[in-house]
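> Here the numbering used here is used: the first residue of the sequence shown is 42, the next is one more, and so on.
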Amino acid sequence: MLALVVLAPLLLGWMNPLRDVTRQGLRQYLAGEYDAAIQSYLDAELRAPEDARLAFSRGTINYKMGKYEAAAEEFARALSTDDPRLRAAVHYNLGNVKFREEDYPSAINEYIEALKLAPDHADAKFNLELARKRLKEQIDKNKQQQEQQQQQQQQNQEQQQQQQSGEQKDEQQEEQQQQQQKAEGKEEEEKQAAAGQENTDEEKPSGQQAQEEPRQAEEISPEEAERILRNLARDEMEKRREMQRRRATRVGNPEKDW
Numbered sequence: 042m043l044a045l046v047v048l049a050p051l052l053l054g055w056m057n058p059l060r061d062v063t064r065q066g067l068r069q070y071l072a073g074e075y076d077a078a079i080q081s082y083l084d085a086e087l088r089a090p091e092d093a094r095l096a097f098s099r100g101t102i103n104y105k106m107g108k109y110e111a112a113a114e115e116f117a118r119a120l121s122t123d124d125p126r127l128r129a130a131v132h133y134n135l136g137n138v139k140f141r142e143e144d145y146p147s148a149i150n151e152y153i154e155a156l157k158l159a160p161d162h163a164d165a166k167f168n169l170e171l172a173r174k175r176l177k178e179q180i181d182k183n184k185q186q187q188e189q190q191q192q193q194q195q196q197n198q199e200q201q202q203q204q205q206s207g208e209q210k211d212e213q214q215e216e217q218q219q220q221q222q223k224a225e226g227k228e229e230e231e232k233q234a235a236a237g238q239e240n241t242d243e244e245k246p247s248g249q250q251a252q253e254e255p256r257q258a259e260e261i262s263p264e265e266a267e268r269i270l271r272n273l274a275r276d277e278m279e280k281r282r283e284m285q286r287r288r289a290t291r292v293g294n295p296e297k298d299w
């Protein structure tokens, strides 16, 4: 358990103008009337603005109230003192503030500063070792959490990869099924077409074959037409010559007079 240093004995030795106010603040503090105690010490500071013990007392009260940030601010003001005993108490209480905030490195530094000024401070020694232990636990915990996060990320990546692989397999299987169904459908269509052809052949009369489409007539090229005309003209010329020869023969050979 962390203990605070309270300067109750010192308060009794203050000058007479502050004695009544500081005693009132101390009684309020011990009674748990923290807000009233802080106000009493603020009133006392109006009479002794340079007294670091007032800031220290307010820091102690804020710490008891769980107001660690306000406590740290008051303790920092109290470090203006030249009193080694007070400075040791301030560093010790600052260490407690940092410890509560789980800022263990800063707490360790404050306890070390307190022990430099008060080497026999038993509570500072105890809290120093406790802060070092908590710091190690914090480091180990953070390391373990980091490893768990890395493992979780790795597991998530593996699950995602497995899921993607499964989806790819499902897509491949679906594609194979579609191809198989398509092939089976095509085969069925071919069977139906073949069956329809057989039925058509059976309905035809015996010996009747399917009529072939007529071929297109071949056209005579201009060169071929010219060749045919030349041949016809030559034949016609030969026929005329033959007829002329026959006529000439009949004229040159008169009939005999029997």
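All residues carry an ideal CB built from backbone N, CA and C; glycine is no exception.
Which word fits glutamine 69, buried or exposed, when buried means at least 16 other C-beta atoms lie within 10 angstroms of its C-beta?
Mapped onto the sequence shown, residue 69 falls at position 28. So glutamine 69 counts as buried.
> Please report the straight-line C-alpha distance between glutamate 228 and glutamate 208, rounded to a whole angstrom.
In the sequence shown, the residue the question calls residue 228 occupies position 187. In the sequence shown, the residue the question calls residue 208 occupies position 167. Going by the C-alpha atoms only, they are around 30 Å apart.
> In chain order, what are the residue ranges of uninterrupted alpha helix (DSSP H) at least 4 long that sit wholly in the stretch 126–170?
Within the stretch 126–170, the complete alpha helix (DSSP H) runs of at least 4 residues are 145–158.
> How many Å lie between glutamine 190 and glutamine 179 at the Cα?
Numbered from its first residue, the sequence shown carries residue 190 at position 149. Numbered from its first residue, the sequence shown carries residue 179 at position 138. Cα-Cα distance, rounded: 16 Å.
> Below 8 Å between beta carbons: does that hold for arginine 128 and alanine 96?
By one-based count along the sequence shown, residue 128 stands at place 87. By one-based count along the sequence shown, residue 96 stands at place 55. Going by C-beta atoms, arginine 128 is not nearer than 8 Å to alanine 96.
> So which of Lys108, Met106, Glu115 and Ile149 has the shortest CA-CA distance to leucine 83?
Locating residue 83 in the sequence shown gives position 42, where the first residue counts as 1. The option with the nearest alpha carbon to leucine 83 is Glu115.
> Under DSSP, the alpha helix (DSSP H) around aspartate 76 begins and ends at which residues?
The residue labelled residue 76 in the question sits at position 35 within the sequence shown. Counting along the chain, the alpha helix (DSSP H) containing aspartate 76 begins and ends at 75–88.
> Note down, in chain order, each residue of its chain lying with its Cβ closer than 6 Å to the Cβ of alanine 112, except the 5 sequence neighbours on either side.
Counting from 1 along the sequence shown, the entry for residue 112 is found at position 71. Excluding sequence neighbours, alanine 112 sits near Gly100, Asn103, Tyr104 and Val138.
> Over the uninterrupted alpha helix (DSSP H) stretch that includes glycine 100, give me the two end residues.
Residue numbering aside, residue 100 sits at position 59 when the sequence shown is read from its first letter. It spans 93–105 - the alpha helix (DSSP H) in which glycine 100 sits, taken as one unbroken run.
> Going along the chain, which residues of its own chain have a beta-carbon closer than 7 Å to the beta-carbon of arginine 286, five neighbours each way excluded?
The count along the sequence shown starts at 1 and reaches residue 286 at position 245. Result list for arginine 286: empty, nothing under 7 Å.
> Considering only residues of the same chain and omitting the five flanking positions on each side of leucine 135, which have a CB-CB separation below 7 Å?
Residue mapping note: residue 135 aligns to position 94 of the sequence shown, counting from 1. Same-chain partners within the cutoff: Ala113, Phe116 and Glu151.
> Let's see if you can read the secondary structure: which residues bound the alpha helix (DSSP H) around alanine 72?
As a first step, residue 72 is located in the sequence shown; it is residue number 31 there, counting from the start. Segment: none, alanine 72 is in no alpha helix (DSSP H) and carries neither H nor E.
> Who are the Cβ neighbours of serine 81 in its own chain at under 8 Å, not counting the five residues just before and after it?
Counting from 1 along the sequence shown, the entry for residue 81 is found at position 40. Only Val62, Thr63, Gln65, Gly66 and Gln69 meet the Cβ criterion.
> Just verifying my parser: in three-state terms, what is the DSSP assignment at serine 206?
Locating residue 206 in the sequence shown gives position 165, where the first residue counts as 1. Helix, per DSSP.
> Buried or exposed, going by whether 16 or more other CB atoms sit within 10 Å of the CB of serine 98?
Working through the sequence shown from its first residue, we reach residue 98 at position 57. That one is buried.
> According to DSSP, is lysine 223 helix, strand or coil?
Translated into positions along the sequence shown, residue 223 becomes position 182. In this structure, lysine 223 counts as helix in the three-state DSSP scheme.
> Shortest alpha-carbon distance to glutamate 91 belongs to which of Leu120, Gln204, Ala159 and Ala224?
As a working note, residue 91 is residue 50 in the sequence shown. Residue Leu120 is the option with its Cα nearest to glutamate 91.
> In whole angstroms, give me the CA-to-CA distance for lysine 184 and glutamate 170.
Taking the sequence shown and counting its residues from 1, the one referred to as residue 184 is at position 143. Taking the sequence shown and counting its residues from 1, the one referred to as residue 170 is at position 129. Straight-line Cα distance between these residues: approximately 21 Å.
> Could you check whether leucine 176 and lysine 166 sit closer than 8 Å to each other, using their CB atoms as the reference points?
Stepping through the sequence shown from its first residue, residue 166 is reached at position 125. Stepping through the sequence shown from its first residue, residue 176 is reached at position 135. Contact flag unset, no.
> Measuring alpha carbon to alpha carbon, tell me which residue in Leu158, Asn197, Leu87 and Gln220 is nearest alanine 130.
As a working note, residue 130 is residue 89 in the sequence shown. Considering only alpha carbons, the answer is Leu158.
> Go ahead and label glutamate 154 buried or exposed: buried means 16 or more other beta carbons lie within 10 angstroms of its beta carbon, across all protein chains shown.
Position 113 of the sequence shown, counting from 1, holds the residue named residue 154. Its Cβ being crowded by 16 or more others within 10 Å, glutamate 154 is buried.
> Assuming contact is defined by CB atoms lying nearer than 8 Å, are tyrosine 109 and glutamate 142 in contact in what I supplied?
As a working mapping, residue 109 is identified with position 68 in the sequence shown. As a working mapping, residue 142 is identified with position 101 in the sequence shown. Yes.
> What three-state label does DSSP hand aspartate 123 in the structure shown?
Numbered from its first residue, the sequence shown carries residue 123 at position 82. Three-state DSSP puts aspartate 123 in coil, outside helix and strand.
> Identify whether lysine 4 lies in helix, strand or coil by the three-state DSSP scheme.
The question about residue 4 has no answer here: the residues shown for the chain are numbered 42 through 299.
> For arginine 281, name the three-state secondary structure that DSSP assigns.
Within the sequence shown, the letter at position 240 stands for residue 281. It is helical.
> Under a Cβ-count criterion, where at least 16 other Cβ atoms within 10 Å of its own Cβ denotes burial, should alanine 274 be classed as buried or exposed?
Within the sequence shown, the letter at position 233 stands for residue 274. Exposed, since its Cβ has fewer than 16 Cβ neighbours within 10 Å.
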